[in-house]
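**Student:**
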Amino acid sequence: MKSNSQSLKLFLVIAFSCISLLSSLTSVLAKPTSSSPGRSPNSSDRKPTRSQTPPFNPPSPPPGPAVGGRPRGGASRNPGLCKSVKPELTALVHYEEKGSVTNVWGLTTLERPSWLFYVPYIKEYGYPAEFVLQDQKSNIYETAIALPARPGIVRVSLPSTAPALAVNKQYRWYFNIYCDPQKNSPPIYVEGVIQRVNLSQTIAEQLKTATPIKRFAIYAQNGIWYEAVTTLLELRQKNLQDPALQAQWRDLLTSARLDNVATEPIISESGK
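Residue numbering for the sequence shown follows this note's numbering, beginning at 1 and increasing consecutively.
Right, dumping it as structure tokens:
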């Protein structure tokens, strides 16, 4: 009888051990495998929606006196003339503030670059608008700008009929909007300085074979603001619903303290 009892206990111990082992194996096999912590097996097939915007690397300001500038239009000196708008007229430019001085200065590699502006005033207001480019002596290009049908970001490009920018020479630009159709009152305006530079041979070779998004990254990392922002703008225009490009656009503008216009619509190109 004692022998039967011991045999029964031994059988129960073995059976319990087998059940525990089987349960452990089932639990392990039920877990999904992954190549790295927190990553699902198919994550490499998914299109990223988070921004991977490279940081814009601003160049050192030019030597000599501060270039000054004005990235936002602010209020009119004659408030009764102008419609109240928010956000205000804004140049999509990189700028820095040192004390009471604001420097609006950026680099381009092109003979005839483009500028981007958020324009809050619409054509039904009938306000005259203009873009002016100056060298150190006089205006070298001036054109009327047609206000958009709705507020948004407008691109102004230097046409083939305008003088080409010389390398390592500074040019001052203005975007003016006159609330007085007769232009008898000072305009609401933004202004800054642009300088054309040559890229190194190494960077130029990289750009030749780079995809558009890679070109944007190369320009941003090398402090070429005008090509960085217009390259990303062109990508967005071709892929308006792409959440990753939307995030990259928002991050680039936010890094330049332009977050107040980062979600505004892209309208058109003007000034040609």
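No residue lacks a Cβ here, since even glycine has one placed at the ideal position from N, Cα and C.
According to DSSP, is Ala-111 helix, strand or coil?
**Tutor:** The sequence given here places Glu at residue 111; Ala does not occur at that position. Glu-111: coil per DSSP, three-state reduction.
**Student:** From Tyr-125 to Tyr-174, what does the alpha carbon distance come to, in whole angstroms?
**Tutor:** Spanning the two alpha carbons is a distance of roughly 21 Å.
**Student:** Give the secondary structure of Lys-86 by DSSP, where H, G and I count as helix, E and B as strand, and everything else as coil.
**Tutor:** Of the three classes helix, strand and coil, the one that applies to Lys-86 here is coil, per DSSP.
**Student:** Which residue marks the beginning of the beta strand (DSSP E) containing Thr-143, and which one marks its end?
**Tutor:** 139-144 is the span of the beta strand (DSSP E), which, as asked, contains Thr-143.
**Student:** What are the start and end residues of the beta strand (DSSP E) that includes Glu-205?
**Tutor:** Segment 201-209 is the alpha helix (DSSP H) holding Glu-205; no beta strand (DSSP E) there.
**Student:** Helix, strand or coil for Pro-265 per DSSP?
**Tutor:** Here Pro-265 sits in coil by DSSP.
**Student:** Give the straight-line distance between the Cα atoms of Val-28 and Ala-247, rounded to the nearest whole angstrom.
**Tutor:** Below a pLDDT of 50, predicted positions are generally treated as unreliable, and Val-28, at 35, falls in that range; the measurement from the model is reported next regardless. In a straight line, the C-alpha of Val-28 is about 39 Å away from that of Ala-247.
**Student:** Within 8 Å, do at least three Cβ pairs link the stretch 139-156 to the stretch 112-123?
**Tutor:** The stretch 112-123 vs the stretch 139-156: in contact.
**Student:** Name the residue from Gly-192, Thr-108, Pro-58 whose alpha carbon lies nearest to the alpha carbon of Leu-199.
**Tutor:** Among Gly-192, Thr-108, Pro-58, the Cα nearest to that of Leu-199 belongs to Thr-108.
**Student:** Could you please give the first and the last residue of the uninterrupted alpha helix (DSSP H) stretch that includes Ser-255?
**Tutor:** It spans 243-255 - the alpha helix (DSSP H) in which Ser-255 sits, taken as one unbroken run.
**Student:** Here's the rule I'm using: 16 or more other beta-carbon atoms within 10 Å means buried, otherwise exposed. How should Leu-252 be labelled?
**Tutor:** Under this definition Leu-252 is a buried residue.
**Student:** Going straight from the alpha carbon of Ala-91 to that of Val-132, what length do you get?
**Tutor:** Cα-Cα distance, rounded: 14 Å.
**Student:** Could you check which residue in Gly-223, Gln-206, Leu-232, Trp-225 has the C-alpha nearest to that of Ile-213?
**Tutor:** Answer by Cα proximity: Leu-232.
**Student:** Can you name the start and end residues of the alpha helix (DSSP H) that Ile-218 belongs to?
**Tutor:** Taken as a continuous stretch (DSSP letters only), the alpha helix (DSSP H) holding Ile-218 covers 212-221.
**Student:** Please name the residue, chosen from Ile-266, Gln-195, Ser-255, that lies closest to Arg-112 on a Cα-to-Cα basis.
**Tutor:** With distances taken between Cα atoms, Arg-112 lies closest to Gln-195.
**Student:** What first and last residue would you give for the beta strand (DSSP E) that runs through Gln-195?
**Tutor:** It spans 188-196 - the beta strand (DSSP E) in which Gln-195 sits, taken as one unbroken run.
**Student:** Taking 8 Å as the cut-off, does the stretch 185-192 touch the stretch 157-171 (at least 3 CB pairs, one atom from each stretch)?
**Tutor:** Not touching, per the Cβ criterion.
**Student:** Would you say Asn-222 and Asn-57 are within 8 Å of each other, going by their C-beta atoms?
**Tutor:** Their beta carbons are under 8 Å apart, which means Asn-222 touches Asn-57 by this criterion.
**Student:** With H, G and I counted as helix, E and B as strand and the rest as coil, what does DSSP make of Asn-260?
**Tutor:** Asn-260 falls in the helix class under three-state DSSP.
**Student:** For Thr-263 versus Arg-250, is the C-beta spacing smaller than 8 Å?
**Tutor:** Yes, these two residues count as a Cβ contact at 8 Å.
**Student:** Quick check on the burial criterion: 16 or more other C-beta atoms within 10 angstroms. Buried or exposed for Glu-205?
**Tutor:** Classification of Glu-205: exposed, given that the 10 Å Cβ count is below 16.
**Student:** Counting only the same chain and skipping the five closest in sequence on each side, list residues whose C-beta sits under 8 Å from that of Thr-254.
**Tutor:** Result list for Thr-254: Ala-262, in chain order.
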